[in-house]
Each structure stands twice: as C-alpha cells, then as structure tokens.
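>
Numbering (the numbering used here), first residue to last: 9 to 170.
(1) List the whole-angstrom C-beta distance separating residue 52 from residue 77, where the pair is believed to meet the contact cut-off of C-beta under 8 Å.
(2) Keeping to the same chain, check which residues put their C-beta closer than 7 Å to that of residue 150; ignore five residues upstream and five downstream.
(3) Checking 7 Å against the spacing of the C-beta atoms, do residue 86 and residue 156 come in under that value?
(4) Taking only three categories from DSSP, how would you classify residue 48?
(5) Kindly indicate the opening and closing residues of the alpha helix (DSSP H) around residue 67.
(6) Since I believe residue 45 is in contact with residue 94 (beta carbons under 8 Å), could you give me their beta-carbon distance rounded to a whole number of angstroms?
(7) Select from 131, 139 and 124 the residue whose C-alpha is nearest the C-alpha of residue 152.
(8) According to DSSP, is residue 113 part of a helix, a strand, or is it coil?
(9) Taking its Cβ as the centre, do 16 or more other Cβ atoms sit within 10 Å of residue 90, making it buried, or is it exposed?
(10) Give a yes or no on contact between the stretch 137-148 and the stretch 108-122, applying the rule of three or more CB pairs nearer than 8 Å.
(11) Please tell me whether residue 48 and residue 81 are closer than 7 Å, where the distance is taken between their beta carbons.
(12) Going by the CB atoms, is the gap between residue 73 and residue 56 shorter than 7 Å?
(13) So what's residue 126 in DSSP terms, helix, strand or just coil?
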C-alpha cells in the first residue's frame, strides 16, 4: 500500500502572488521594509541579492544574512544612542588614555574595569587623584565602554552646575 502524499498547507499570509513582475516585487519589498521599520534590510537588499546569487546562498542563508545585518545595525545604533544619552561632555576612549604619562594608573586594572564585571556585581566606583591625572578621561571612557556593552549610563559633573 502506497502512502498518499499529503499536501503541505500554505499559510494564507505566505501565498504566492502569481504574476508579480520584478518591478512590483522590488516595490513590495521596499514598502514592506518601510512598514516593518527595517531600514538596513531596505538599504542592503539589492547588494544581498547580488551576493546571494554569486555565492549561491540558499533561501535560508540569504534571509539569515539580511536579518543578521539588521540586528547588527540596530545594536550599533542602540549603542550610539546610549552613549549620546549619557551626556558626556566630550568623547573619550580607553585607547586614547596615556598610561605612560599617568604612571600611577594601572592599565590592567582599568582594562578589567572596562569589562563591566563591577557593574554586574553592583560595586561602586570612585576615582580619586590630583588635578590633571585623567580621572574625567577614565570615567568618560569607562562610561562609554559600559554604554557600548548595553548599560544605560549618565554622566553627572561635580559640583553640579547651578
């Protein structure tokens, strides 16, 4: 007895739009990306199609590449927004800090702080030192690193301005 083949039901939302021209498909993808707020996919779809064709990606591979690009770009934009929202008075990064000019500052300790473990544990951080030793630079740089790791950060100068 041969088993009867069972047709896989297609969701009404996934039915093919027969007779759709290439131009109509391009317009539909563009419009869908706008409505779904997928700006990265909208910007990269043509390039991704060319790469998929050249590298013979599967449908899943093509879709994965587009979705991962969207996720990566959203993560990047979120990081930029968190750094901006922190209210830092200027841009500072740990890579720009001159440890040679500030020999009292231990580079290993600073780089360990940049990992953010102290934040996860809920430990406080206080930098104490003479004027011009890099306290503000390090606080801004550590705050930037924390914001880039997904933490919400707020820079508050002391004493507060009136």
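Every residue gets a Cβ at the ideal spot worked out from N, C-alpha and C, and that includes glycine.
This one's a predicted model, so the numbers in the text were calculated from it and none came from an experiment.
Quick look at the numbers:
(1) Here residue 52 corresponds to residue number 44 of the chain shown, with the count starting at 1. Here residue 77 corresponds to residue number 69 of the chain shown, with the count starting at 1. Indeed, because the Cβ distance is near 6 Å, the residues count as touching under 8 Å.
(2) Within the chain shown, the letter at position 142 stands for residue 150. Answer for residue 150: 121 and 122, listed in chain order.
(3) Against the chain shown, residue 86 aligns to sequence position 78. Against the chain shown, residue 156 aligns to sequence position 148. The answer is no: Cβ separation not under 7 Å.
(4) Mapped onto the chain shown, residue 48 falls at position 40. Correct three-state label for residue 48: helix.
(5) Taking the first residue of the chain shown as position 1, residue 67 is located at position 59. 67-93 is the span of the alpha helix (DSSP H), which, as asked, contains residue 67.
(6) As a first step, residue 94 must be located in the chain shown, where it is residue number 86. As a first step, residue 45 must be located in the chain shown, where it is residue number 37. So it is not a contact: roughly 25 Å between Cβ atoms.
(7) For the purposes of this step, residue 152 is identified with residue 144 of the chain shown, where counting begins at 1. The candidate whose alpha carbon is nearest that of residue 152 is 124.
(8) Here residue 113 is taken as the residue at index 105 of the chain shown, counted from 1. Residue 113 falls in the coil class under three-state DSSP.
(9) Position 82 of the chain shown, counting from 1, holds the residue named residue 90. Residue 90 is buried by the Cβ-count criterion.
(10) yes
(11) The count along the chain shown starts at 1 and reaches residue 48 at position 40. The count along the chain shown starts at 1 and reaches residue 81 at position 73. Going by C-beta atoms, residue 48 is nearer than 7 Å to residue 81.
(12) Position 48 of the chain shown holds residue 56. Position 65 of the chain shown holds residue 73. Result yes, Cβ atoms of residue 56 and residue 73 sit closer than 7 Å.
(13) By one-based count along the chain shown, residue 126 stands at place 118. In the structure shown, residue 126 sits in a helix (DSSP, three-state: H, G or I).
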